[in-house]
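Encoded as structure tokens, the structure appears first; notes follow it.
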Amino acid sequence: MPASRVSAEAIAARLSAVGLTTRVEERDRCTSVEAEVPESLSAESWREVLEVVAEADRFGLHATSLNGRTLWAVVRKAAPTTGDVGGPSYQR
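Below, the structure is given as structure tokens:
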């Protein structure tokens, strides 16, 4: 299992312990974690949530009047160490 997946699963487990329902998804360059955040989340739980997502490479909160609040966090996958890391236009 990739290190990004392990980290994302750990973040998801800690968010679940706070009472949030999480989703973990593999993407091309990262592993993402999403969780719906209820309006009733206590200040203490928010502090724990922020502590948890601070372990991710990026995180944020998407809030709309239609869909509520969705917390997201991403853990980047490691960059390749060999091969064509510069891409086709990279010149040495």
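With positions in the sequence shown counted from 1, the corresponding number in the working numbering is that position plus 6. Heads up, the beta-carbon is just placed ideally off N, CA and C, and yes, glycines get one too. All values derive from a computational prediction rather than experimental measurement.
Among the options, the one whose alpha carbon lies nearest that of residue i
i: residue 31; options: 74, 12 and 25; result: 12
i: residue 24; options: 9, 73 and 41; result: 41
i: residue 48; options: 72, 66 and 26; result: 26
Integer Cβ distance of residue i from residue j, believed to fall under 8 Å
i: residue 62; j: residue 80; result: 6 Å
i: residue 75; j: residue 69; result: 4 Å
i: residue 10; j: residue 82; result: 6 Å
Helix, strand or coil at residue i [DSSP, three-state]
i: residue 77; result: strand
i: residue 9; result: helix
i: residue 33; result: coil
i: residue 96; result: In this prediction, residue 96 scores a pLDDT of 49, lower than 50, which makes its location untrustworthy; no coordinate-derived value is stated.
i: residue 102; result: Missing from the structure shown is residue 102; the chain here goes from 7 to 98 and no further.
i: residue 40; result: strand
Limits of the unbroken alpha helix (DSSP H) element including residue i
i: residue 67; result: Taken as a continuous stretch (DSSP letters only), residue 67 belongs to no alpha helix (DSSP H), being part of the beta strand (DSSP E) at 64-70.
i: residue 56; result: 49-59
8 Å Cβ cutoff met for residue i and residue j
i: residue 28; j: residue 16; result: no
i: residue 60; j: residue 39; result: no
i: residue 67; j: residue 77; result: yes
i: residue 58; j: residue 33; result: no
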